[in-house]
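Below you'll find the structure, written out as structure tokens, and then a few comments.
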């Protein structure tokens, strides 16, 4: 037992002496390096240059591009809301009027850094054979395209499309799209037309008024 | 430099995450709007289930016509055939009793339709609300609250009943009182205030609810409408339109920590009346 204790004590003493030696050596090495850096002064110069390059060529462009998908999401969400509002209008003419007179959504998108242009609404008609027809919202539907048409029943959807200029965070107005100038994306949003009834005053379908 | 690069990239990442969380707010808003639409539509579909409101309106109009006809018969009998007065009086009493009983049934239907519609909306809400709570570092979404469930009618929609013909006196009275909407195509009884008969039966109540009329056999399906088209009921009418308001507590979690109550409302109109058999 005593021999075992002696052996353990010796081992721990050896370990301590080794650690002390290593620590002093490391300290000496650091001191030597520190003296070398302070002599030349080059490390501070490198740091500032690298920092400028880093901010200019990595940080800023990343931040600049990174905002694009966020703005895309916002633009899509707001367009979906506008399409929904149009699709629940009583008449097609009211939906068209809503698009022309209501600028809340373009103003909101503009505030979010997204410019909207060439907005247009169409009625997408899908017949029972999955045939798809698009009709501008201002155009009256023909008799064949009405709910009681020969190819019916139909599914009617209102589609709103627009060219959205999505700006990066720091936009110069011209230059490389996405980096210094807005990226133009064609966005569409669709909502099912709700009112398929007929107006008792005229007997026409509301969708065609 | 490596540490600095990692720090900067982390800052960019967190910044973008904050941005995405704001984008997520709009996505959540659209989802909440969809849920509100579903709830309102579930309630609206129940209101005129099996065309019960449409049939009630038709029965009210016919009952009114029957009382008017019985009164005219009594007036004629009293002047021309006094020996038949007892039968004519009995006929009038029966018509009046029928009208009163129908009014009771109409009130019962109003309560039943209201109750079933509210239950349908609550059931739909219970199905939906569990799918909302979310607690992510950059976005916190609580469970939605069903703040308001209102029942009313849709503006510019009159009753589904076409003006009844064959009794000239009643037609003149209705037109003089403005009970009928003068459409070029369909002349429909207006919804709302009681369509009282001329004296001596002017104390009887005949209410007709707003409901989309069948036009050339086309029945108006239940559909979502603009919230501003919803009108509150001030009279004891059967509701034909629902409106719900949902509130959802959302927060972006990171950055500005924008906690807010997101509110959406939606309205839906009941299925229109079917053509009368």
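Residue numbers (the numbering used here), protein chains in the order written: chain A, 73 to 281; chain B, 161 to 437. Here a beta-carbon is modelled for each residue, glycine too, at the ideal position from N, C-alpha and C.
message: Does the contact criterion of 3 or more C-beta pairs under 8 Å hold for the segment 257-266 of chain A versus the segment 230-248 of chain A?
response: yes
- prompt: In chain B, what lies closer than 9 Å to residue 145 (chain A) by C-beta?
  reply: 179, 180, 182, 183, 184, 186, 187
message: To be precise: take each residue of the segment 355-377 of chain B, compare its Cβ to all Cβ atoms of chain A, and keep it if any distance is under 8 Å. Which residues remain?
response: Within the segment 355-377 of chain B, the residues whose Cβ lies closer than 8 Å to some Cβ of chain A are 372, 373, 375, 376, listed in chain order.
query: How about residue 399 (chain B) and residue 277 (chain B): are their beta carbons less than 9 Å apart?
result: yes
field: Where residue 131 (chain A) meets chain B, residues with beta-carbon distance less than 9 Å
entry: 168, 169, 171, 172
query: Under the DSSP definition of a beta bridge, which residues are partnered with residue 383 (chain B)?
result: B:429
- prompt: Using a C-beta to C-beta distance shorter than 8 Å, which residues of chain B count as neighbours of residue 180 (chain A)?
  reply: Simply none; closest approach about 10 Å.
task: Alpha carbon to alpha carbon, how far is residue 184 (chain B) from residue 107 (chain A)? Give it in angstroms, no decimals.
output: The pLDDT assigned to residue 107 (chain A) is 46, lower than 50, so where the model puts this residue is not dependable; a value taken from the coordinates is nonetheless given after this. Roughly 53 Å between the two C-alpha positions.
field: Segments of 3+ residues assigned as beta strand (DSSP E) that fall wholly inside the segment 129-177 of chain A
entry: none
Local conformation of residue 411 (chain B) per DSSP, three classes: strand
- prompt: By how many angstroms is the C-alpha of residue 197 (chain B) removed from the C-alpha of residue 155 (chain A)?
  reply: Cα to Cα, residue 155 (chain A) sits roughly 14 Å from residue 197 (chain B).
message: Here's a check: name, in chain order, each residue in its chain whose Cβ is nearer than 8 Å to the Cβ of residue 201 (chain A), leaving out the five neighbours to either side.
response: 223
query: In chain B, which residues lie less than 7 Å from residue 274 (chain A) when you measure between Cβ atoms?
result: 345
message: I'd like to check one pair, residue 207 (chain B) with residue 378 (chain B): are the Cβ atoms closer than 9 Å?
response: no
message: Along the segment 214-243 of chain A, where does the CB come closer than 9 Å to a CB of chain B? Name the residues.
response: 219, 220
In DSSP terms, what residue 210 (chain B) is bridged to: DSSP lists no partner for residue 210 (chain B).
task: Indicate whether at least one CB of chain A lies closer than 9 Å to the CB of residue 432 (chain B).
output: A Cβ of chain A is located within less than 9 Å of the beta carbon of residue 432 (chain B).
Exposure of residue 375 (chain B), with buried meaning 16 or more beta-carbon neighbours within 10 Å: buried
field: Runs of alpha helix (DSSP H) wholly within the segment 214-292 of chain B (minimum 4 residues, chain order)
entry: 245-289
Of the listed residues B:293, B:165, B:199, nearest to residue 301 (chain B) (C-alpha basis): B:293
query: Is it true that the CB of residue 315 (chain B) sits closer than 9 Å to the CB of residue 341 (chain B)?
result: no
Chain-ordered chain B contacts of residue 255 (chain A) [CB-CB under 8 Å]: Residues of chain B passing the Cβ test: none, with the nearest at roughly 16 Å.
message: Can you give me the C-alpha to C-alpha distance between residue 262 (chain B) and residue 224 (chain B), rounded to a whole angstrom?
response: 10 Å
task: Assign residue 321 (chain B) to one of three DSSP states: helix, strand, or coil.
output: coil
- request: Using a Cβ-Cβ cut-off of less than 9 Å, give me the residues of the segment 193-217 of chain B that come near chain A, in sequence order.
  value: 193, 194, 197
- prompt: From B:324, B:231, B:432, B:282, pick the residue whose C-alpha is nearest to that of residue 347 (chain B); which is it?
  reply: Residue B:324 is the option with its Cα nearest to residue 347 (chain B).
message: In this structure, how does DSSP classify residue 227 (chain A) when only helix, strand and coil are distinguished?
response: strand
message: Does residue 179 (chain A) come out as helix, strand or coil in the three-state DSSP assignment?
response: helix
task: Have a look at residue 386 (chain B) and residue 283 (chain B) and give me their C-alpha separation to the nearest angstrom.
output: Residue 283 (chain B) has its alpha-carbon roughly 23 Å from the corresponding atom of residue 386 (chain B).
- prompt: Is there contact between the segment 144-158 of chain A and the segment 170-187 of chain A, where contact requires at least three CB pairs shorter than 8 Å?
  reply: yes
field: residue 349 (chain B) burial status per 10 Å Cβ neighbour count (16 or more: buried)
entry: buried
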